[in-house]
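Asks:
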Amino acid sequence: MKIINIVLTLIFILFAAVQYNDPDPFLWGIWYIAIAIISGMAVAKKYNKLFILFCITIGVIWMGTLTPHFLEWINLGMPSIVESMKVTKPHIEYTREFLGLLISVLVLIFQYTQSQKQAV
8 MKIINIVLTL IFILFAAVQY NDPDPFLWGI WYIAIAIISG MAVAKKYNKL
58 FILFCITIGV IWMGTLTPHF LEWINLGMPS IVESMKVTKP HIEYTREFLG
108 LLISVLVLIF QYTQSQKQAV
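Residue numbers (our numbering): 8 to 127.
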């Protein structure tokens, strides 16, 4: 698990670093750094379960606000989201954000399950 947590830490630091050109870089930078810190602490088998659960809750609520846009993207036939964000295609940014949150929440759930195993 140590290697997985090191990789997750580095990935989320990278995610935070590439937010400089995002419309709301501070918000996303803080979010990804929080996930990196949780994963980094997991390297040392130190878990703050309450903080992990708090982040899961925030992530799920945040995803809920983006779900209509994500469903719109699916209804459009899942067009490419790697092109530049355009005013006429707001689903691009919203879908990217939704998927970023999904990845984050899955990592948080992984960390929480690891913390439960640690407690046993």
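We put the beta carbon where it would ideally sit given N, CA and C, even for glycine. In this text the structure is predicted, and so the values were computed from the model without any measurement.
DSSP three-state label for Lys53, please.
Replies: What you label residue 53 is simply residue 46 of the sequence shown in a count that begins at 1. Coil, per DSSP.
Asks: Shortest alpha-carbon distance to Ile116 belongs to which of Gly66, Gln26, Thr74 and Ala24?
Replies: Counting from 1 along the sequence shown, the entry for residue 116 is found at position 109. It is Gly66 whose Cα lies nearest to the Cα of Ile116.
Asks: For Ile88 and Arg103, which I take to be in contact (beta-carbon distance under 8 Å), what is that distance rounded to the nearest angstrom?
Replies: The residue labelled residue 88 in the question sits at position 81 within the sequence shown. The residue labelled residue 103 in the question sits at position 96 within the sequence shown. A Cβ-Cβ distance of about 6 Å is found for the pair Ile88 and Arg103, placing them in contact under the 8 Å criterion.
Asks: Just to confirm before moving on: does the CB-CB distance between Ala23 and Trp35 stay below 9 Å?
Replies: Taking the first residue of the sequence shown as position 1, residue 23 is located at position 16. Taking the first residue of the sequence shown as position 1, residue 35 is located at position 28. Against a cut-off of 9 Å, the Cβ pair of Trp35 and Ala23 comes out as a contact.
Asks: Take Gln26 and list the residues in its own chain whose beta-carbon comes closer than 6 Å to its own, dropping the five residues that flank it on each side.
Replies: As a first step, residue 26 is located in the sequence shown; it is residue number 19 there, counting from the start. The residues are Pro32, Trp35 and Gly36.
Asks: Taking just the CA atoms, how far does Tyr101 sit from Met8?
Replies: Within the sequence shown, residue 8 is the residue found at index 1, counting from 1. Within the sequence shown, residue 101 is the residue found at index 94, counting from 1. Distance between the alpha carbons of Met8 and Tyr101 is about 32 Å.
Asks: In whole angstroms, give me the CA-to-CA distance for Glu5 and Lys96.
Replies: The chain is shown from 8 up to 127; residue 5 falls before or after that span and cannot be answered.
Asks: Using DSSP with H/G/I as helix, E/B as strand and the rest coil, what is Met70?
Replies: By one-based count along the sequence shown, residue 70 stands at place 63. Helix, per DSSP.
Asks: Whole angstroms are fine: how far does the CA of Cys62 sit from the CA of Tyr54?
Replies: Mapped onto the sequence shown, residue 54 falls at position 47. Mapped onto the sequence shown, residue 62 falls at position 55. Rounded to whole angstroms, Tyr54 to Cys62 spans 13 Å at the Cα level.
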